[in-house]
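Peer 1:
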Ligand code: C5P
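In the working numbering, the protein residues as written are 771 to 998.
1. If we count the other Cβ atoms within 10 Å of its Cβ and call it buried at 16 or more, is residue 812 buried or exposed?
2. Nearest-angstrom Cα distance between residue 861 and residue 993?
3. So, with DSSP's three-state summary, where would you put residue 924?
4. Which ranges does the alpha helix (DSSP H) cover as unbroken runs of at least 4 residues, wholly within the stretch 786-871, from first to last along the chain?
5. Could you work out which residue in 785, 927 and 896 is closest to residue 912 when comparing CA atoms only?
6. Say the cut is 8 Å; is the CB of residue 808 nearer than that to a heavy atom of the ligand C5P?
7. Name the two residues that bound the continuous alpha helix (DSSP H) containing residue 973.
8. For residue 850 and residue 843, what's the separation of their Cα atoms in angstroms?
9. Going straight from the alpha carbon of residue 875 to that of residue 985, what length do you get?
10. Let me check one thing: in DSSP terms, what residues is residue 902 bridge-paired to?
11. Just the Cα atoms here: how many angstroms apart are residue 963 and residue 872?
12. Report the residue from 995, 836, 978 and 987 whose alpha carbon sits nearest the alpha carbon of residue 781.
13. Please name the residue in 974, 857 and 883 whose C-alpha comes closest to that of residue 922.
14. If you run the structure through DSSP and keep just helix, strand and coil, what is residue 934?
15. Are the Cβ atoms of residue 967 and residue 886 separated by less than 9 Å?
16. Note down the Cα distance separating residue 884 from residue 788, rounded to an integer number of angstroms.
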């Protein structure tokens, strides 16, 4: 078989992007982090004052301004990794902050936001040879993907990983806040009416609570070799 489409979905902070990036680089495929796109739209909403002090998203205004949002992935010349640009500004660091994590699931539940981003994602993957991670890749974006993975891990393990990452980036945050955010995002992502986070029937479920990175990668790589 030639190049295929690989969809990696799952809960927050399951390490999807780490595995997806490595797999894409090993296979010489494109990697797309769709969470970064929802995060960039959320950052735009925060910067434009579309999310008020009480955390309410003014949906009508955001929908109205969607055409002002231009997203681009640009490879960093030093690391080779793709970074998210929002209206020509590098926002890779800002979109990972807790300020954005706190609102992104609300923004991602808006139908028009999803329609805009899904269209861009489908365009990016139209020639296959892509590893895309997110919440609805195997169910909505690429329902015909040749390989679908659904990653899970306990909320505590996921929060611990995320907490460590945030501390390393110098963010002042407590483990309890991170755990609360991870659980809250899971709840909103799984119960929203449009494209809720759910395992595609033909996805391989993968619980990595007690698995090291090497073992995870070997398994996922092995799955890909069976299909390619
Ligand atoms: O993957 P990450 O945790 O960065 O995603 C941030 C948020 O973006 C998720 O919690 C979810 O609300 C939203 N998302 C989504 N659909 C995707 C990718 C992310 O709704 N395909």
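Every residue gets a Cβ at the ideal spot worked out from N, C-alpha and C, and that includes glycine. Just so you know, these numbers come straight off a predicted model, no measurement behind them.
Peer 2: The structure says:
1. Residue 812 comes out buried.
2. Cα atoms of residue 861 and residue 993: separation of roughly 33 Å, rounded to the nearest angstrom.
3. Here residue 924 sits in coil by DSSP.
4. Within the stretch 786-871, the runs of alpha helix (DSSP H) at least 4 residues long that lie entirely inside it are, in chain order, 786-797, 804-817 and 829-835.
5. Among 785, 927 and 896, the Cα nearest to that of residue 912 is on 896.
6. Taking 8 Å as the cut-off, the C-beta of residue 808 counts as close to a heavy atom of the ligand C5P.
7. Element bounds for residue 973: n/a, residue is neither H nor E.
8. Taking the straight line from one Cα to the other gives about 12 Å.
9. Taking the straight line from one Cα to the other gives about 30 Å.
10. Beta-bridge analysis with DSSP links residue 902 to 777 and 802.
11. When the Cα atoms are used, residue 963 and residue 872 turn out to be separated by approximately 19 Å.
12. Nearest to residue 781 by C-alpha distance, out of 995, 836, 978 and 987, is 978.
13. Of 974, 857 and 883, the smallest CA-CA separation from residue 922 is found for 974.
14. Residue 934 falls in the helix class under three-state DSSP.
15. Contact: no.
16. One alpha carbon belongs to residue 884, the other to residue 788, and they sit about 24 Å apart.
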